[in-house]
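So the structure is just underneath, and the comments pick up after that.
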Amino acid sequence: MFLAKVVGTVWSTKKSPDLEGVRFLIVHPYDLDKEPTKNIVVVADRLGAGTGEMVICAYGKAARTAIGNQDMSIEAAVVGIVDRVDINENISDFRLPIADLKY
Amino acid sequence: MFLAKVVGTVWSTKKSPDLEGVRFLIVHPYDLDKEPTKNIVVVADRLGAGTGEMVICAYGKAARTAIGNQDMSIEAAVVGIVDRVDINENISDFRLPIADLKY
Amino acid sequence: MFLAKVVGTVWSTKKSPDLEGVRFLIVHPYDLDKEPTKNIVVVADRLGAGTGEMVICAYGKAARTAIGNQDMSIEAAVVGIVDRVDINENISDFRLPIADLKY
Amino acid sequence: MFLAKVVGTVWSTKKSPDLEGVRFLIVHPYDLDKEPTKNIVVVADRLGAGTGEMVICAYGKAARTAIGNQDMSIEAAVVGIVDRVDINENISDFRLPIADLKY
Amino acid sequence: MFLAKVVGTVWSTKKSPDLEGVRFLIVHPYDLDKEPTKNIVVVADRLGAGTGEMVICAYGKAARTAIGNQDMSIEAAVVGIVDRVDINENISDFRLPIADLKY
């Protein structure tokens, strides 16, 4: 799953019939870079996530479970709206801790 | 799912027999960069998406649901043609909002 | 699914028993860059694709459908050999068409 | 599957109902670069992995198996806490060993 | 599927119970770059692949088929040990062969 910020909405009239009434958001996945990527993902939402909110998103069967129906043309969805994130580690320590790694 | 622009078409005569009559498009996924990537994806389509149109595409089971048959050799498909996209957030705010992140 | 060029072959004697007799190709996925990536993928093939040919490849269940058996250790396969590709859009127009995007 | 370091925790009150009581961690996948990427992934955990520990994580059905229920909105999970990693190869030898590769 | 070199081993005592007795390798996926990426993947193995050997690896259901049980928390596995790889194409020809591509 990934952490993302809700940044917009997509409207589609001509779509797979099973998607009638589904809300589609555009989200931006977070990483820890100072310069964020500009990647975007389209996710279905039935939790009512608002623009600017941080959400947890999932792909595949997990996304369809969150929307409530495995027979929908949905591949990504909001599974939770985030209250709080704690990052407890120093990012500069993110290297594989193997002393004798031969570069 | 991802937002993409329809940029072309692929024709194939010699293919998995279950794909007879399926329309294959080449789409280019959108991101928010000023310099777009040059990534392309092949998607099945039965919504009649035209070149230049913006579409929502899905992978896996969701794609086969949109085409209507789980027993086809299809892994990606158009699930909706986009009417409108609203991006409401300032892209420069796309960093993880954790004040004490130790870089 | 993705467009790729067949660039080689892989031989393996010691393998998952269900893979006996399966032909494995090395393919290189295409993008639209002037400087191509050097990414390679191993795909199963039963359409008889030859070195240098352009193919459509799929992952997951779609790949196993193309090979004809969901109980094989196959995760990627050729689903079609390409006759022709038409790209009708100017690549420089590949940015998200949102006028007021705040960078 | 991927090797990762546990770097934080995510709290969510408003979520898919099946996720009640699930613990969500933020992990950072390891690679062998001197300059690590800043990629992060959200994973479910029921092994009790602590911040700073190295874990093996999996996506999809394997993740739901580790959490114990295929009907949960979970797409990634800790499947093992790592005791030790041995890297026995010199990283500078990581090129495809084909002598006559034409660049 | 992907070609990779076995570069190490991972040991885990505290893990999903279904993984008892499974051997976990660290592999490095090959591409055709002169400067290899430093990406690593954790794969299950029951073919007995040794450090330094080249293997074919698969994700998802195909990986669990190779290990022999769909109810294990396994998402990637060795499906074959490579005897030989032939690359027959000149890497500089890896661009999409469309004459009038408008850059």
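Chains as they are written, first to last, in the numbering used here: chain R, 1 to 103; chain G, 1001 to 1103; chain S, 2001 to 2103; chain V, 3001 to 3103; chain Z, 4001 to 4103.
Beta carbons are placed, not taken as given, at the ideal position from N, Cα and C, and that holds for glycine.
Between ALA3063/V and VAL1041/G, what straight-line distance do the alpha-carbon atoms span, to the nearest angstrom?
-> Numbered from its first residue, the fourth sequence carries residue 3063/V at position 63. Numbered from its first residue, the second sequence carries residue 1041/G at position 41. Straight-line Cα distance between these residues: approximately 27 angstroms.
Please classify ILE40/R: does DSSP put it in a helix, a strand, or coil?
-> By one-based count along the first sequence, residue 40/R stands at place 40. DSSP places ILE40/R outside both helix and strand once states are collapsed to three, so it counts as coil.
According to the Cβ coordinates, are VAL4085/Z and ALA4004/Z closer than 7 angstroms?
-> Against the fifth sequence, residue 4085/Z aligns to sequence position 85. Against the fifth sequence, residue 4004/Z aligns to sequence position 4. At the C-beta level, VAL4085/Z and ALA4004/Z stay beyond 7 angstroms of one another.
Tell me which same chain residues have a C-beta within less than 6 angstroms of the C-beta of TRP2011/S, skipping the five on either side of it?
-> Residue 2011/S sits at position 11 when you count from the first residue of the third sequence. Sequence-distant Cβ neighbours of TRP2011/S in its own chain, meaning closer than 6 angstroms and more than five residues away, do not exist here.
So which residues of chain V does ASP33/R contact, with C-beta pairs closer than 7 angstroms?
-> Taking the first sequence and counting its residues from 1, the one referred to as residue 33/R is at position 33. LYS3038, listed in chain order.
Run through DSSP, which three-state label would PRO3029/V get?
-> Translated into the one-based positions of the fourth sequence, residue 3029/V becomes position 29. Note: PRO3029/V maps to strand in three-state DSSP.
Does the segment 4066-4078 of chain Z come close enough to the segment 3064-3071 of chain V to have 3 or more Cβ pairs within less than 8 angstroms?
-> Here the segment 4066-4078 of chain Z lies against the segment 3064-3071 of chain V, with 3 or more beta-carbon pairs under 8 angstroms apart.
Is THR4065/Z close to chain V, meaning its C-beta is less than 7 angstroms from at least one C-beta of that chain?
-> Taking the fifth sequence and counting its residues from 1, one reaches residue 4065/Z at position 65. THR4065/Z does not count as touching chain V.
Contact with chain Z by GLU2075/S, beta-carbon distance below 7 angstroms = Position 75 of the third sequence, counted from the start, is the residue given in the question as residue 2075/S. By the rule that beta-carbons nearer than 7 angstroms mark a contact, GLU2075/S touches chain Z.
Can you round the beta-carbon distance between VAL4043/Z and VAL4078/Z to whole angstroms, since I take them to be within the 8 angstroms contact cut?
-> Here residue 4043/Z refers to the residue found at position 43 of the fifth sequence. Here residue 4078/Z refers to the residue found at position 78 of the fifth sequence. With a Cβ gap of about 6 angstroms, VAL4043/Z and VAL4078/Z count as contacting.
Anything in chain V within Cβ reach of ASP4045/Z, meaning under 7 angstroms, just list it in chain order.
-> For the purposes of this step, residue 4045/Z is taken as the residue at position 45 of the fifth sequence. Within chain V, no residue comes near ASP4045/Z; the closest Cβ sits about 12 angstroms away, beyond 7 angstroms.
Same chain, Cβ closer than 6 angstroms to VAL7/R, neighbours up to 5 away in sequence not counted | Here residue 7/R is taken as the residue at index 7 of the first sequence, counted from 1. Answer for VAL7/R: ILE26 and HIS28, listed in chain order.
Between the C-alpha atoms of PRO4097/Z and PRO2036/S, what's the straight-line distance to the nearest angstrom?
-> The residue you call residue 4097/Z lines up with position 97 of the fifth sequence. The residue you call residue 2036/S lines up with position 36 of the third sequence. Between the alpha carbons of PRO4097/Z and PRO2036/S lies a gap of roughly 12 angstroms.
According to DSSP, residues forming a beta bridge with THR2009/S | Walking along the third sequence from the start, residue 2009/S turns up at place 9. LEU2025/S and ASP4086/Z, per the DSSP bridge assignment.
Sheet register partners of VAL4079/Z (DSSP bridge) | Here the question's residue 4079/Z lines up with position 79 in the fifth sequence. VAL4079/Z is not bridged to any residue.
Cutoff 7 angstroms: ILE2026/S Cβ touching any chain C Cβ = This model lacks chain C altogether; the protein chains it does include are R, G, S, V and Z.
Report all residues from its chain with a CB closer than 6 angstroms to the CB of GLY3050/V; omit the five preceding and five following residues, and keep chain order.
-> Residue numbering aside, residue 3050/V sits at position 50 when the fourth sequence is read from its first letter. Cβ neighbours of GLY3050/V beyond the five flanking positions: none.
How long is the line joining the alpha carbons of THR4009/Z and ARG4023/Z, rounded to whole angstroms?
-> If you number the fifth sequence from 1, residue 4009/Z lands on position 9. If you number the fifth sequence from 1, residue 4023/Z lands on position 23. For THR4009/Z and ARG4023/Z, the distance between alpha carbons rounds to 8 angstroms.
Nearest chain Z C-beta to GLY2008/S closer than 7 angstroms, yes or no?
-> Numbered from its first residue, the third sequence carries residue 2008/S at position 8. Yes, GLY2008/S lies at the interface with chain Z (some Cβ there is under 7 angstroms from its Cβ).
Rounded separation between GLU89/R and ASN4090/Z - CA only | Position 89 of the first sequence, counting from 1, holds the residue named residue 89/R. Position 90 of the fifth sequence, counting from 1, holds the residue named residue 4090/Z. Rounded to whole angstroms, GLU89/R to ASN4090/Z spans 45 angstroms at the Cα level.
What residue does the alpha helix (DSSP H) around ALA4063/Z start on, and which one ends it?
-> In the fifth sequence, residue 4063/Z corresponds to position 63, counting from 1. It spans 4061-4067 - the alpha helix (DSSP H) in which ALA4063/Z sits, taken as one unbroken run.
Got a sec: is the Cβ-Cβ distance from VAL82/R to anything in chain G below 7 angstroms?
-> Sequence index remark: in the first sequence, residue 82/R carries index 82 (1-based). No, VAL82/R lies away from the interface with chain G (no Cβ there is under 7 angstroms from its Cβ).
Neighbour flag for ILE2087/S against chain Z, beta carbons, 7 angstroms = Position 87 of the third sequence, counted from the start, is the residue given in the question as residue 2087/S. At a cut-off of 7 angstroms between C-beta atoms, ILE2087/S counts as an interface residue with respect to chain Z.
Simplified DSSP assignment, three categories, for LEU19/R = The sequence position of residue 19/R within the first sequence is 19, counting from 1. Of the three classes helix, strand and coil, the one that applies to LEU19/R here is helix, per DSSP.
Got a sec: does the ligand FAD put a non-hydrogen atom nearer than 6 angstroms to the Cβ of HIS4028/Z?
-> Summarising the ligand content, the structure contains no ligands, and the ligand FAD is consequently not present.
Closer than 7 angstroms by C-beta to GLY2060/S: which residues in its own chain qualify, once you throw out the five before and the five after it? Chain order, please.
-> Position 60 of the third sequence, counting from 1, holds the residue named residue 2060/S. For GLY2060/S, where only same-chain residues beyond five positions count, the Cβ hits under 7 angstroms are GLU2075.
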